[in-house]
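One rule links them: number in the working numbering = place in the sequence shown (from 1) + 18. The C-beta atom is built at its ideal place from N, Cα and C for all residues, glycine as well.
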Amino acid sequence: MTKEAFQYLLVIVLLTMITVSFGALSFDLINVYFPDIAGNACSYDGCTGSINGSLAVLIIAFPVFVKLWQIIQRDIVADKEKANLRVRTVLLYLAIFISGIVLIADLITLVSGWLNGSLTAQFIFKVIIVMAVAGMTFSYFRNELKQSSGSTRRLIGWTSIVLAVLAVVIGVWTSAPWEAHARKIDQMRIDNLQMIQSQIVSIFWTSKARLPMSLGELTDSVSGFTAPRDPETNLPYEYKLTGARSFSLCAVFTIETKGPSKNTRAIPAGTNSMDTWFHGAGKSCFERTIDPDIYLPKIR
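Here it is, written out as structure tokens:
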């Protein structure tokens, strides 16, 4: 009895984790491939962290759930009385209850979005996902409680496995973990360029009313600033003075930035928005022109 209780409790926990993670992963993938410009569209890079978290849960929890359920089913085949255990009935009803709560919460979120004007392809696909997950969960465990035809349960079980594997494959392809290290280094390059740009505009230009001839002029023994170098090659970034108030910063990137912004709204000043730092693979340059009415040199 104790063994079965812990088995079914673990089933409930795993089922909850899988249902929530599958829904979150599906929603993120829909946000990536069917962006809604009127909402908070999730860019490729912006969703990666969430996608990876859901993938990790599915990759570990789903096989454990399948294996544990196979063990439980084998025990029932060997001892028919185990199909009528009270703990089994209670916890299977609990599984249906939790699935219902997840369904209701997701539907409330979706309907709230619809009432706010999100009647888009995103909304339609998300409704389909929620209804499919809830429908399969309810049908499977209802048939399990009624001990109805095994063929129906097998069909739902195999459909669930196929959908989970498909979601994981698409998620892994979208997240591209084999590129993760290169992307982190490229992000370090962007951070370095932003730091250099800030030093040029906010410190050098405002204090001297001119642009530096080279990055070496930015070195400040008092503040301790030294222009950062490429994290991989240790070479200095390329800086070009293109005019009295304009310059360019260049770096060599490993991976192309994916998911270009489709944001049509204004970008507040000082946000360091990534919309101004999209780049391809290889050498990319970023042209900047200073507006002296915005960045006023200090009057001495």
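Classify residue i as helix, strand or coil using the three-state DSSP reduction.
i    : result
V240 : coil
T251 : coil
S220 : helix
K316 : coil
S193 : helix
E305 : strand
P81  : helix
F52  : coil
Q25  : helix
Under 7 Å: does the beta carbon of residue i sit that close to some heavy atom of the ligand SAH?
i    : result
G242 : The ligand content of the structure shown is nil, which means the ligand SAH is not present either.
DSSP has residue i in a bridge; who is on the other side?
i    : result
F45  : F45 pairs with nothing; no bridge assigned.
A227 : A227 pairs with nothing; no bridge assigned.
G300 : F271
Just curious, the alpha helix (DSSP H) that residue i is in, first and last residue?
i    : result
E162 : 139-164
T127 : 104-133
Please report the straight-line C-alpha distance between residue i and residue j, rounded to a whole angstrom.
i    : j    : result
I94  : V29  : 15 Å
L229 : S216 : 12 Å
P310 : V219 : 10 Å
L43  : T260 : 46 Å
H297 : R207 : 11 Å
W132 : I116 : 24 Å
I119 : K85  : 25 Å
E99  : I77  : 33 Å
N252 : S39  : 40 Å
For the beta strand (DSSP E) containing residue i, list its first residue and its last residue.
i    : result
V270 : 264-271
K202 : First-last for K202: 198-216, but that is the alpha helix (DSSP H), not the beta strand (DSSP E).
Y15  : Nothing can be reported for residue 15: it is not among the residues displayed for the chain, which extend from 19 to 318.
T294 : T294 -> no beta strand (DSSP E), and no H or E assigned at all.
Buried or exposed, going by whether 16 or more other CB atoms sit within 10 Å of the CB of residue i?
i    : result
W196 : exposed
P53  : buried
Y323 : What the structure shows of the chain is the stretch from 19 to 318, and residue 323 is not part of that stretch, so it cannot be assessed.
I146 : exposed
A198 : exposed
G67  : exposed
G41  : buried
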